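A short worksheet on the structure shown next.
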Amino acid sequence: MLKFWMAPGGLHVEPAETGDAKEMARIHGQSFYRGWPSSDFISFVEDKASPAYVACDARRRIAGFALIRMVADEAELLTIAVDPKWRGKGVGRALMDAVFADLMLSPVRRMFLEVDEQNTAAVRLYETLGFSTISSRKGYYARPDGSAATALVMARDLG
Ligand SMILES: CC(C)(COP(=O)(O)OP(=O)(O)OC[C@H]1O[C@@H](n2cnc3c(N)ncnc32)[C@H](O)[C@@H]1OP(=O)(O)O)[C@@H](O)C(=O)NCCC(=O)NCCS
7 MLKFWMAPGG
17 LHVEPAETGD
27 AKEMARIHGQ
37 SFYRGWPSSD
47 FISFVEDKAS
57 PAYVACDARR
67 RIAGFALIRM
77 VADEAELLTI
87 AVDPKWRGKG
97 VGRALMDAVF
107 ADLMLSPVRR
117 MFLEVDEQNT
127 AAVRLYETLG
137 FSTISSRKGY
147 YARPDGSAAT
157 ALVMARDLG
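Quick note: the sequence shown uses this note's numbering, first residue 7, plus one each step.
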């Protein structure tokens, strides 16, 4: 089945391919204090249990990606990141909408994620997508200055 979802700015969302791993690692590294090597993204992309999605143009220039992990009827958002020059244009929302649309074809009926409570952009994005906070984990994330940040655990039912 061809999987293709429209996104703003002339972009579209489709499943990630092995050749996208380097760009995913680059965008991830620009977005988080601790980056992941592209070999990690190759492993995720090639594992059916961790579907990955890219927002890209017709020449496959990647603006952002989302990565999830599925276990039985639950899914976890492992990470989502949008290239800084593409942020605030609806790409993150389009990626999440594509994830939800694709998960509707799977047994997954509930989705979880963890987010730094001070990451306003991400928390707002998840709230507007219908996620609500179910618990919090103190000291979950390490900050560059050595301090620790609290993670919110958020969940949303699908379908
Ligand atoms: C979080 C992130 C993926 C959002 O992607 P994006 O493409 O910029 O988001 P969108 O343009 O689709 O915005 C969707 C909604 O998110 C919220 N949002 C996005 N950026 C925001 C900001 N800077 N401040 C407040 N709310 C924001 C808004 O509710 C927005 O809806 P609106 O435009 O109708 O107001 C992006 O900021 C990013 O890559 N951040 C770094 C990585 C990261 O923190 N990932 C999440 C880890 S849990």
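For glycine and all other residues, C-beta sits at the position ideal for the given N, C-alpha and C. In this text, all values refer to a predicted model and were calculated from it rather than measured experimentally.
Item to check | Bridge-paired residues (DSSP) for Ser141 | outcome: The residue you call residue 141 lines up with position 135 of the sequence shown. Bridge partners of Ser141: Val159.
Checklist entry - Of the choices Phe71, Phe10, Glu20 and Asp53, whose alpha-carbon is the least far from that of His34? => result Taking the first residue of the sequence shown as 1, we reach residue 34 at position 28. Of the listed residues, the one whose Cα sits closest to His34 is Phe71.
Next on the checklist: On the CB-based measure, 16 or more other CB atoms within 10 Å of its CB, does Gly98 come out buried or exposed?
Outcome noted: The residue labelled residue 98 in the question sits at position 92 within the sequence shown. By the neighbour-count rule (16 or more Cβ atoms within 10 Å), Gly98 is buried.
Checklist entry - With distances taken between CB atoms, is the gap from Glu133 to Leu158 smaller than 8 Å? => result Within the sequence shown, residue 133 is the residue found at index 127, counting from 1. Within the sequence shown, residue 158 is the residue found at index 152, counting from 1. No, they are not a contact pair.
Item to check | Unbroken alpha helix (DSSP H) run spanning Arg32, endpoints | outcome: Residue numbering aside, residue 32 sits at position 26 when the sequence shown is read from its first letter. Note, Arg32: alpha helix (DSSP H), Ala27 to Ser37.
Checklist entry - From what residue to what residue does the alpha helix (DSSP H) around Asp167 run? => result Absent from the structure is residue 167, since the part of the chain shown begins at 7 and ends at 165.
Next on the checklist: Within a Cβ cutoff of 7 Å, which residues of the same chain sit near Gly136, ignoring the five residues on either side of it in sequence?
Outcome noted: Sequence index remark: in the sequence shown, residue 136 carries index 130 (1-based). So the list reads Arg162, once near-sequence residues are dropped.
Checklist entry - Counting only beta-carbon atoms, is Ala55 nearer than 8 Å to chain D? => result As a matter of chain content, chain D is missing from the structure shown, which is built from one protein chain.
Item to check | For Glu23, the first and last residue of its enclosing alpha helix (DSSP H) | outcome: Residue numbering aside, residue 23 sits at position 17 when the sequence shown is read from its first letter. Note, Glu23: premise wrong, no alpha helix (DSSP H); not H, not E.
Item to check | Cα-Cα separation between Ser112 and Thr24, rounded to whole angstroms | outcome: Indexing the sequence shown from 1 puts residue 112 at position 106. Indexing the sequence shown from 1 puts residue 24 at position 18. When rounded, the distance between both Cα atoms is 22 Å.
Checklist entry - Looking at Arg93 and ligand 1, is the gap between the Cβ and the nearest heavy atom below 7 Å? => result The sequence position of residue 93 within the sequence shown is 87, counting from 1. Answer for Arg93: yes, Cβ within range of ligand 1.
Checklist entry - Helix or strand or just coil, what does DSSP make of Ala55? => result Here residue 55 is taken as the residue at index 49 of the sequence shown, counted from 1. Residue state, collapsed to three classes: coil.
Item to check | 6 Å Cβ shell around Phe118 - same chain, five flanking residues per side excluded | outcome: Walking along the sequence shown from the start, residue 118 turns up at place 112. The residues are Glu82 and Ala161.
Checklist entry - By Cβ distance, which residues of its chain are closer than 6 Å to Val60, with the 5 residues on each side in sequence left out? => result One-based indexing of the sequence shown puts residue 60 at position 54. Within the same chain, Val60 has close Cβ partners Ala22, Asp26, Ile68 and Phe71.
Next on the checklist: Closest to Asp63 by C-alpha separation, out of Gly16, Ser141, Phe10 and Pro150, would be which residue?
Outcome noted: Translated into positions along the sequence shown, residue 63 becomes position 57. Closest by alpha carbon: Gly16.
Next on the checklist: Just checking Arg130 against ligand 1 - is the residue's beta carbon closer than 7 Å to any of the ligand's heavy atoms?
Outcome noted: Position 124 of the sequence shown, counted from the start, is the residue given in the question as residue 130. Correct: Arg130 has its Cβ closer than 7 Å to ligand 1.
Item to check | Among Ala78, Lys9 and Gln36, the one whose alpha carbon lies nearest that of Ala55 | outcome: Position 49 of the sequence shown, counting from 1, holds the residue named residue 55. If we check each option's Cα against that of Ala55, Ala78 comes out closest.
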